[in-house]
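So the structure is just underneath, and the comments pick up after that.
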Amino acid sequence: MRNPLARLTDEDRARLRQHLRVPVLSFLALLGLLAVNVTLGATLPFAQVWALELAVVAVMVAVILLFSMEIRHEPPLVRLFAGLGFFWVAILVGMTLTDYLGR
Amino acid sequence: MSGTSAIESGFAEREPHIPEPTLDRPIDYLHAQSTLRSWFLATDHKRIAILYLASITAFFIIGAVAAGIVRLALVVPDGAILTNDTYNKAFTIHGVVMVWFFLIPSIPATFGNFLIPLMIGAKDLAFPKLNLTSWYIFMAGALFTMVSVVLGGVDTGWTFYAPLSTAFSNSWVLPALIGVTIVGFSSILTGLNFVVTIHTMRTPGMTWFRLPIFVWAHYATSLIFLLATPVITTALILLILERAFHIGVFDPAYGGDPVLFQHLFWFYSHPAVYIMVLPGMGVISEIVPAFAQKKLFGYRFVAYASIGLASVTFFVWGHHMFVNGQSDLASLAFSALSFAVAVPSAVKVYNWTATIHKGRIRLDTPMLYAMGYIGLFVLGGLTGLYLATLAINQHIHATYFVVAHFHYIMVGGTVLAFLGGLHFWWPKFTGRMYNEAWGRISALFIFIGFNVTFFPQFILGYLGMPRRYGTYPPEFQLLNVLSSAGATILAAGYLFPMVYLLYSLWFGRRAPANPWDAKGLEWETASPPPPHNFLSLPEVPRVPYDYPIQERESGRQHT
Amino acid sequence: MSREAEPPMAPGVGVARVEHFATVEQQRHAAVLGIWAWLVTELLLFSALFLVALVLRLQHPEAVKAAALHLKFWIGAVNTVVLICSSLTMSMAIAFSRMGWQRAMVRAMLATAALGSLFLVLKGYEYYADYEEHMMPFLALRPYALAETPASRLFVNLYYVATSLHGLHLFTGISILLGMTWMAAKPGFLARHQNWIEVYGLYWHFIDLIWILAFPILYVVNR
Numbered sequence: 398m399r400n401p402l403a404r405l406t407d408e409d410r411a412r413l414r415q416h417l418r419v420p421v422l423s424f425l426a427l428l429g430l431l432a433v434n435v436t437l438g439a440t441l442p443f444a445q446v447w448a449l450e451l452a453v454v455a456v457m458v459a460v461i462l463l464f465s466m467e468i469r470h471e472p473p474l475v476r477l478f479a480g481l482g483f484f485w486v487a488i489l490v491g492m493t494l495t496d497y498l499g500r
Numbered sequence: 174m175s176g177t178s179a180i181e182s183g184f185a186e187r188e189p190h191i192p193e194p195t196l197d198r199p200i201d202y203l204h205a206q207s208t209l210r211s212w213f214l215a216t217d218h219k220r221i222a223i224l225y226l227a228s229i230t231a232f233f234i235i236g237a238v239a240a241g242i243v244r245l246a247l248v249v250p251d252g253a254i255l256t257n258d259t260y261n262k263a264f265t266i267h268g269v270v271m272v273w274f275f276l277i278p279s280i281p282a283t284f285g286n287f288l289i290p291l292m293i294g295a296k297d298l299a300f301p302k303l304n305l306t307s308w309y310i311f312m313a314g315a316l317f318t319m320v321s322v323v324l325g326g327v328d329t330g331w332t333f334y335a336p337l338s339t340a341f342s343n344s345w346v347l348p349a350l351i352g353v354t355i356v357g358f359s360s361i362l363t364g365l366n367f368v369v370t371i372h373t374m375r376t377p378g379m380t381w382f383r384l385p386i387f388v389w390a391h392y393a394t395s396l397i398f399l400l401a402t403p404v405i406t407t408a409l410i411l412l413i414l415e416r417a418f419h420i421g422v423f424d425p426a427y428g429g430d431p432v433l434f435q436h437l438f439w440f441y442s443h444p445a446v447y448i449m450v451l452p453g454m455g456v457i458s459e460i461v462p463a464f465a466q467k468k469l470f471g472y473r474f475v476a477y478a479s480i481g482l483a484s485v486t487f488f489v490w491g492h493h494m495f496v497n498g499q500s501d502l503a504s505l506a507f508s509a510l511s512f513a514v515a516v517p518s519a520v521k522v523y524n525w526t527a528t529i530h531k532g533r534i535r536l537d538t539p540m541l542y543a544m545g546y547i548g549l550f551v552l553g554g555l556t557g558l559y560l561a562t563l564a565i566n567q568h569i570h571a572t573y574f575v576v577a578h579f580h581y582i583m584v585g586g587t588v589l590a591f592l593g594g595l596h597f598w599w600p601k602f603t604g605r606m607y608n609e610a611w612g613r614i615s616a617l618f619i620f621i622g623f624n625v626t627f628f629p630q631f632i633l634g635y636l637g638m639p640r641r642y643g644t645y646p647p648e649f650q651l652l653n654v655l656s657s658a659g660a661t662i663l664a665a666g667y668l669f670p671m672v673y674l675l676y677s678l679w680f681g682r683r684a685p686a687n688p689w690d691a692k693g694l695e696w697e698t699a700s701p702p703p704p705h706n707f708l709s710l711p712e713v714p715r716v717p718y719d720y721p722i723q724e725r726e727s728g729r730q731h732t
Numbered sequence: 624m625s626r627e628a629e630p631p632m633a634p635g636v637g638v639a640r641v642e643h644f645a646t647v648e649q650q651r652h653a654a655v656l657g658i659w660a661w662l663v664t665e666l667l668l669f670s671a672l673f674l675v676a677l678v679l680r681l682q683h684p685e686a687v688k689a690a691a692l693h694l695k696f697w698i699g700a701v702n703t704v705v706l707i708c709s710s711l712t713m714s715m716a717i718a719f720s721r722m723g724w725q726r727a728m729v730r731a732m733l734a735t736a737a738l739g740s741l742f743l744v745l746k747g748y749e750y751y752a753d754y755e756e757h758m759m760p761f762l763a764l765r766p767y768a769l770a771e772t773p774a775s776r777l778f779v780n781l782y783y784v785a786t787s788l789h790g791l792h793l794f795t796g797i798s799i800l801l802g803m804t805w806m807a808a809k810p811g812f813l814a815r816h817q818n819w820i821e822v823y824g825l826y827w828h829f830i831d832l833i834w835i836l837a838f839p840i841l842y843v844v845n846r
């Protein structure tokens, strides 16, 4: 078969690079963002740090959806479904908070 | 079509005096195979629909018997017939079985399963094995719940409110909770299958606006299955752990919040009302044009109203919680949004009425049920507006007014639509016609029996009789006896179809492909349909409900 | 960036049509839509737990903080790294399946399963450490370390519910993955069932996504 790596032809290497570029880049991005969050969580630099942490998490989630799960290549319908899920989470949380924040 | 081999292995061998049937038409899904195994491992959506039909009928009977016991107990005001404990268990079994094991799967799992592929011109649902799995999951959940009934029953009401269900009830709550949790997965998988099927399996030419409203309604229902059910799964898991391990999340003793359970519960259970109602609306939208022989009025509005209902219903759950201490802000928001539900509901009712207007109306059994549905749904819907109003809700909250209101929707709506649909598509399911006279008589019994049972409950509730009590002040006895008397008429109305429909299976007249001159792809294949539904891929070159256009003057028409 | 669509499939890689579908394209579309519909339900399932965490935080901020400081922050962080790595190996398995490199794909799948198992081992160790520190309030007979703040037990118990539900998903995922790897190692698999890898990959990435949400919501923001 094709392994080990050393025996790959130049053409195979090019294909490998083409196919793995996005996964490796998103892997690095996720690790970097996680490092930011872990640092924030360990040092607690200021009072409202949770907001920043959640913003970083939102970016991580977006990276997984767009790049790891390849939503950007999917037809609009699949994107709609993914969006629908998050929108319904917003309904659940938002309407429940009308109670808890209004008490 | 060479289908003889399957028949040879059946009863023809054992009873040689019966001549081998001559196949003047293709072999149908009922006779394609005849072993028990071929039923219990069936992946054909039509056979799975029949499995569901048999099981939910059994649960309907259990739930109806429990309701009968409740109505019997309420004939006397002092609880002399049933102890309070037994009474609590009877109404809980009635609620749990009727809601989770009859109403929610009723129309989607049977008619939806059977008809969606036929109506969109597909060979099957997208995931046939998953479809069978759904049925087994459903039966597994039912088994757990029935275990709790056999062991001694549950007394919490179908809503399982904490902390009654977690800290105080001494009945068999755990198996019932586990059963209901499991059944949720069956709903999710059915909804998933429908959504994917409707999106991907439509035959060429079957555009979204050529779909029958039945399919639109099931699409909306399936979205609710997918988006609401997981939340109650989580709520029930937490409730199970609360009861088993006292994790405290819903327990005020540790600072937990029982109202949070209600939020999670009603986030599902209010939309679940539309899981029960929307498919019924789909059924009515098929029956009314067929028996008025007229195009459905305002097709697009009815289609959009289905999606509209499925969306709006997620914003109104707090109207079940007006008196439980949720914030005034929440009550205001939920009350205001609840009124919005009336808009798409009314759109549908007006459109059905306009369809009937100046149609060539035939009052056959399915149409009788449909007319009953429209009337009762209007009453149920309008009383819903009373309940959405904050001030009035304070007065009638948790009274028989609420009981009457939701029975007008659930029984007057869903059960009538279920029976109407059953009579409408019975020839398609079984290939047999039932006795029309008995059909009309039982429809009349059900309509009268239903109203005699539940209309007095509006009055009782408004006068202040609370729900869920086995005793009541003596001055309420007359109306309660009236209600119980109505229940016996209703019971007779339910029993007739069980007899004459079963009878028709063996002795009914053979049904033609399209006994009602109805439009829709399901009527263009044989009754009952062949295993893969159509012998050739159907083409859809036209709009839905293309009934002949009628001239204004009666008697003249052109096509 | 020069990308128009997904990287193309290698020759000999594809999907065999099942009878009730009209075309292979329809079949692939149905599978992708089906898994996404399932993932939406998973999202709502976990979101309800996250909502409970939020409500606890709003109602008992001090108790939740006390409880969150007892969680094993660094084990959680390392586990997040482990899952991000497993996401990479899963993406690699998908890429190899598209390229037709079956053996590389099988190895990437095994690596994914191994990383998933490592996560579960670390999680198990974390539970053990919690047990040693008397941080299992749902055990009626064992003393609880934060007994003086009763509301803290709600958050700690919720942590167990959320992480064990996630662990259950991971365990199921690893089992399915190993079963699929066994089938995927057979000759001809990529010609018939390449889309299984794609569909499964979506599930795996999504379990990661749930953890990416759970880690900050349980461990980080309440510190």
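Chains as they are written, first to last, in this note's numbering: chain V, 398 to 500; chain Y, 174 to 732; chain X, 624 to 846.
Think of the CB as a built atom: it goes at the ideal place given N, C-alpha and C, for glycine as much as any other residue.
#### Entry: Residues, ordered as in the chain, of the stretch 422 to 438 of chain Y that lie near chain X by beta-carbon distance below 9 Å
422, 424, 426, 427, 428, 429, 430, 433, 436, 437
### Task
Please classify residue 702(Y): does DSSP put it in a helix, a strand, or coil?
Taking the first residue of the second sequence as position 1, residue 702(Y) is located at position 529. Residue 702(Y): coil per DSSP, three-state reduction.
### Cβ of residue 628(X) within 7 Å of any chain Y Cβ
For the purposes of this step, residue 628(X) is taken as residue 5 along the third sequence, with counting starting at 1. Caution is warranted here: a pLDDT of 47 is assigned to residue 628(X), below 50, making its placement in the model unreliable, and no coordinate value can be reported.
### Message
Please report the distance separating the alpha-carbon of residue 510(Y) from that of residue 690(Y).
### Response
Taking the second sequence and counting its residues from 1, one reaches residue 510(Y) at position 337. Taking the second sequence and counting its residues from 1, one reaches residue 690(Y) at position 517. One C-alpha to the other measures close to 41 Å.
### Query
Since residue 761(X) meets chain Y, which of its residues come closer than 8 Å, beta carbon to beta carbon?
Residue mapping note: residue 761(X) aligns to position 138 of the third sequence, counting from 1. Those within 8 Å of residue 761(X) in chain Y are 414, 418, 419, 420.
### Task
Identify each residue in the stretch 723 to 748 of chain X for which the Cβ-Cβ distance to at least one residue of chain Y is less than 9 Å, and report them in chain order.
Listed by position, the residues of the stretch 723 to 748 of chain X near chain Y (Cβ gap below 9 Å) amount to none.
### Task
Using three-state DSSP, classify residue 153(Y) as helix, strand or coil.
Since the first residue shown for chain Y is 174 and the last is 732, residue 153(Y) is missing from the structure and cannot be characterised.
### Query
Roughly how many whole angstroms lie between the Cα atoms of residue 540(Y) and residue 618(Y)?
One-based indexing of the second sequence puts residue 540(Y) at position 367. One-based indexing of the second sequence puts residue 618(Y) at position 445. In this model, residue 540(Y) and residue 618(Y) are separated by some 15 Å (Cα to Cα).
### Task
Alpha carbon to alpha carbon, how far is residue 814(X) from residue 439(Y)? Give it in angstroms, no decimals.
For this step, residue 439(Y) is matched to residue 266 along the second sequence. For this step, residue 814(X) is matched to residue 191 along the third sequence. When rounded, the distance between both Cα atoms is 47 Å.
### Query
According to a CB-to-CB cut-off of less than 8 Å, which residues of the stretch 402 to 414 of chain V neighbour chain X?
412, 413
### Message
Taking the alpha carbon of residue 835(X) as the reference point, which residue from 811(X), 721(X), 663(X), 705(X) has its own alpha carbon closest?
### Response
To locate residue 835(X), count along the third sequence from 1; it is residue 212. Checked all of 811(X), 721(X), 663(X), 705(X); the closest Cα to residue 835(X) is 705(X).
### Query
In terms of residues, what are the limits of the alpha helix (DSSP H) holding residue 488(V)?
Translated into positions along the first sequence, residue 488(V) becomes position 91. Segment 473 to 497, the alpha helix (DSSP H) holding residue 488(V).
### For residue 711(Y), the first and last residue of its enclosing alpha helix (DSSP H)
Along the second sequence, one-based indexing puts residue 711(Y) at 538. Looking at the DSSP string, residue 711(Y) is not in any alpha helix (DSSP H), and its letter there is neither H nor E.
### Residues near residue 772(X) by beta carbon distance below 6 Å, same chain, minus five either side
If you number the third sequence from 1, residue 772(X) lands on position 149. Result list for residue 772(X): 686, 689, in chain order.
#### Entry: Rounded straight-line distance, which links the Cα of residue 526(Y) to that of residue 520(Y)
Taking the second sequence and counting its residues from 1, the one referred to as residue 520(Y) is at position 347. Taking the second sequence and counting its residues from 1, the one referred to as residue 526(Y) is at position 353. Taking the straight line joining both Cα atoms gives about 10 Å.
### Message
Helix, strand or coil, according to DSSP, for residue 446(V) in the structure here?
### Response
Along the first sequence, read from residue 1 onward, the residue named residue 446(V) stands at position 49. Helix at residue 446(V).
### Message
Is it buried or exposed, residue 485(V), if we count other Cβ atoms within 10 angstroms and call 16 or more buried?
### Response
On the first sequence, position 88 is the one that residue 485(V) refers to. A residue is called buried when at least 16 other Cβ atoms come within 10 angstroms of its Cβ; residue 485(V) meets this threshold and is buried.
### Task
Within the same chain, show all residues whose beta-carbon is closer than 8 Å to that of residue 432(Y), passing over the 5 residues directly before and after it, in chain order.
Locating residue 432(Y) in the second sequence gives position 259, where the first residue counts as 1. Result list for residue 432(Y): 494, 497, 498, 499, in chain order.
### Message
Suppose the cutoff is 6 Å on Cβ atoms and the five residues either side in sequence are ignored; what does the same chain contact list for residue 606(Y) look like?
### Response
Here residue 606(Y) refers to the residue found at position 433 of the second sequence. Closer than 6 Å at Cβ, skipping near neighbours: 600, 681, 682, 684.
### Query
Taking the alpha-carbon positions, what's the residue 355(Y) to residue 347(Y) distance?
For the purposes of this step, residue 355(Y) is identified with residue 182 of the second sequence, where counting begins at 1. For the purposes of this step, residue 347(Y) is identified with residue 174 of the second sequence, where counting begins at 1. The alpha-carbon atoms of residue 355(Y) and residue 347(Y) are separated by roughly 12 Å.
### Message
Cutting at 7 Å between CB atoms, please list the residues of its own chain near residue 557(Y), excluding the five before and the five after it.
### Response
Taking the second sequence and counting its residues from 1, the one referred to as residue 557(Y) is at position 384. Excluding positions up to five away in sequence, the list reads 578.
### Task
Report the rounded CA-to-CA distance for residue 457(Y) versus residue 371(Y), giving the unit in angstroms.
Mapped onto the second sequence, residue 457(Y) falls at position 284. Mapped onto the second sequence, residue 371(Y) falls at position 198. If I take the Cα positions, the gap works out to 20 Å.
### Task
Give me the Cα-Cα distance between residue 708(X) and residue 466(V), rounded to the nearest whole angstrom.
Walking along the third sequence from the start, residue 708(X) turns up at place 85. Walking along the first sequence from the start, residue 466(V) turns up at place 69. Taking the straight line from one Cα to the other gives about 15 Å.
### Task
With distances taken Cα to Cα, identify the nearest neighbour of residue 667(Y) among 657(Y), 707(Y), 588(Y).
Here residue 667(Y) refers to the residue found at position 494 when the second sequence is read from its first residue. Checking every option, the nearest Cα to that of residue 667(Y) belongs to 588(Y).
### Residues of the stretch 470 to 481 of chain V with Cβ closer than 8 Å to any Cβ of chain Y, in chain order
474, 481
### Task
Note down, in chain order, every chain Y residue with its Cβ under 7 Å from the Cβ of residue 652(X).
Start at 1 with the first residue of the third sequence, and residue 652(X) comes out as number 29. Within chain Y, the residues near residue 652(X) are 373.
### Message
So the candidates are 692(Y), 528(Y), 486(Y); which of them puts its Cα closest to the Cα of residue 516(Y)?
### Response
Translated into the one-based positions of the second sequence, residue 516(Y) becomes position 343. The option with the nearest alpha carbon to residue 516(Y) is 486(Y).
### Query
Any idea what DSSP makes of residue 765(X), helix, strand or coil?
Along the third sequence, one-based indexing puts residue 765(X) at 142. Correct three-state label for residue 765(X): coil.
### Message
Using DSSP's beta-bridge definition, name the partner residues of residue 244(Y).
### Response
For this step, residue 244(Y) is matched to residue 71 along the second sequence. Its beta-bridge partners do not exist; DSSP assigns none.
### Message
Can you list, in chain order, the residues of its chain with a C-beta nearer than 7 Å to that of residue 276(Y)? Leave out the 5 residues immediately preceding and following it.
### Response
Translated into positions along the second sequence, residue 276(Y) becomes position 103. Closer than 7 Å at the Cβ level, and outside the excluded window around residue 276(Y), lie 449, 583, 587.
#### Entry: Assigned secondary structure, residue 639(Y) (DSSP; H/G/I helix, E/B strand, else coil)
By one-based count along the second sequence, residue 639(Y) stands at place 466. Strand at residue 639(Y).
### residue 488(V) at chain Y interface by Cβ criterion, 7 Å
Here residue 488(V) refers to the residue found at position 91 of the first sequence. Residue 488(V) counts as touching chain Y.
### Message
Just to confirm before moving on: does the CB-CB distance between residue 634(Y) and residue 559(Y) stay below 7 Å?
### Response
For the purposes of this step, residue 634(Y) is taken as residue 461 along the second sequence, with counting starting at 1. For the purposes of this step, residue 559(Y) is taken as residue 386 along the second sequence, with counting starting at 1. Not closer than 7 Å, so no.
### Task
At 8 Å on the CB atoms, spell out the chain V contacts of residue 500(Y), in chain order.
One-based indexing of the second sequence puts residue 500(Y) at position 327. Correct list: 495, 496, 497, 498, 499, 500.
### Message
Between 224(Y), 693(Y), 252(Y), which has its C-alpha nearest residue 281(Y)'s C-alpha?
### Response
Reading the second sequence from its first residue, position 108 is the one you call residue 281(Y). The residue with the shortest Cα to Cα distance from residue 281(Y) is 224(Y).
### Message
Check whether the stretch 394 to 405 of chain Y and the stretch 357 to 364 of chain Y are in contact - that is, three or more C-beta pairs closer than 8 Å.
### Response
yes
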